[in-house]
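Counting from 1 along the sequence shown, just add 5 to a position and that's the residue number in our numbering.
I have placed the structure first, in the form of structure tokens, so that the comments after it can refer back to it.
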Amino acid sequence: MAETLKLTESAAKRVAWIADKQAKPAILRLSVEGGGCSGFQYKFDLADEAEADDLVSETDGVRLVVDPISLDLVGGSIVDFVESLGGAAFKVENPNAAAGCGCGSSFGI
């Protein structure tokens with residue numbers, strides 16, 4: 006498993022915009038929780054800082070951080086921000102996911 010993550014330019018711009026509106030640092034935390042329709046679900050939050058054991062990826066001055074436990078499930082992923090007729094959302098392209106669901110926020114291994 007590749008212990009890398011990538012934040013696309015589109016996602017970095019959106020995180021920077023949200024962080025600016027909330028007067029927070031431009032740090033997006035991706036974590037994985039049990040639940041969702043496929044077993045695991047992605048959770049996104051703005052973080053005040055990266056933790057010492059986080060994997061950190063940076064795009065255009067915006068950092069994407071993931072804790073070691075979540076990294077086991079999302080290593081090698083690309084986080085994008087997509088806008089469509091159905092709405093706008095962060096999307097994770099996860100090479101580790103063996104199954105997913107229609108909502109795109111849940112996956113199985």
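Glycine residues also receive a C-beta, built at the ideal position from the N, C-alpha and C atoms.
Close-in-space but distant-in-sequence residues of the same chain around residue i (CB under 8 Å, 5 per side omitted)
i	result
ASP53	LYS29, PRO30, ILE32
GLU56	VAL70, ASP72
MET6	The predicted model places MET6 with a pLDDT of 41, which falls under 50 and marks its position as unreliable, so this point remains unresolved.
DSSP three-state assignment for residue i, whether helix, strand or coil
i	result
GLU63	strand
VAL29	One detail in the question is off: residue 29 reads as Lys in this sequence, not Val. Note: LYS29 maps to coil in three-state DSSP.
GLU38	strand
ASP77	helix
GLU14	helix
Option nearest residue i by Cα separation, candidates the options
i	options	result
ALA24	ARG34, PHE45, GLY91, LEU51	LEU51
ARG68	ALA103, LEU35, LYS26	LEU35
Contacts around residue i, its chain only, beta-carbon distance under 6 Å, and the 5 residues preceding and following it disregarded
i	result
VAL87	LYS96
Buried versus exposed, by CB contacts within 10 Å (16 or more), residue i
i	result
LEU12	buried
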